[in-house]
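Trainee:
Numbering (this note's numbering), first residue to last: 50 to 242.
(1) In whole angstroms, what separates the C-alpha of residue 153 from that of residue 220?
(2) Quick one: what's got a C-beta closer than 6 Å to residue 148's C-beta in the same chain, skipping five residues either side?
(3) What does a CB cutoff of less than 8 Å around residue 64 pick up in its chain, not counting 5 residues either side in sequence?
(4) Are the beta-carbon atoms belonging to residue 278 and residue 124 less than 9 Å from one another?
(5) Check whether the Cβ atoms of residue 164 and residue 215 lie closer than 9 Å to each other.
(6) Have a look at residue 71 and residue 119 and give me their C-alpha separation to the nearest angstrom.
(7) Taking the alpha-carbon of residue 110 as reference, which of 95, 126, 81 and 122 has the nearest alpha-carbon?
(8) Let's see if you can read the secondary structure: which residues bound the alpha helix (DSSP H) around residue 69?
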């Protein structure tokens, strides 16, 4: 998302409060200008008991409007905060679905390039450069290229880092198996096949 946790929480709180205030004002205005019908309850007084009169004065109506507006504020602000709390997990699930959708195509491409004799880092660079074809998988492999080129990681450390941070369980399993094969000196082409 490109934002720190502190800033995201602050933005979520401020936006939630603003959302609550807007809905509270709208609710107050609707209640203020709405014409409420007069309701009378007709009860036959069998025992001739004096019933207290329930009369809404302007002050009691205003107090009810303020109380209802406060309730609307709390509900709207809480709903907005719940949305902000759930939004990162929704993005994570969407990214995981995008990765899972195109992972088999990327693995087939990696296999074809490896079978053709290309080195693993060149393969990862090639996959990372094909975002229009491999979508989120390419974005994930860009992180491997970035970690090796700019942060000084070796290929295995970059793959482990990606394995720890990817939202896709399938990509995580694939990377774990790939790292195991490379570390043990196994046949990567055979593994990819």
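For each residue, glycine too, the CB sits at the ideal point set by N, CA and C. Computed from a predicted model, the values in this text were never measured in an experiment.
Mentor: Straight from the coordinates:
(1) Separation of residue 153 and residue 220 (C-alpha to C-alpha, rounded to the nearest whole angstrom) is 10 Å.
(2) Cβ neighbours of residue 148 beyond the five flanking positions: 185, 186, 217 and 220.
(3) Result list for residue 64: 129 and 133, in chain order.
(4) No statement about residue 278 is possible, as the shown extent of the chain runs from 50 to 242 and does not include it.
(5) With a cutoff of 9 Å on beta-carbon distance, residue 164 and residue 215 are scored as not near each other.
(6) Taking the straight line from one Cα to the other gives about 11 Å.
(7) Per the Cα distances, 81.
(8) Note, residue 69: alpha helix (DSSP H), 54-82.
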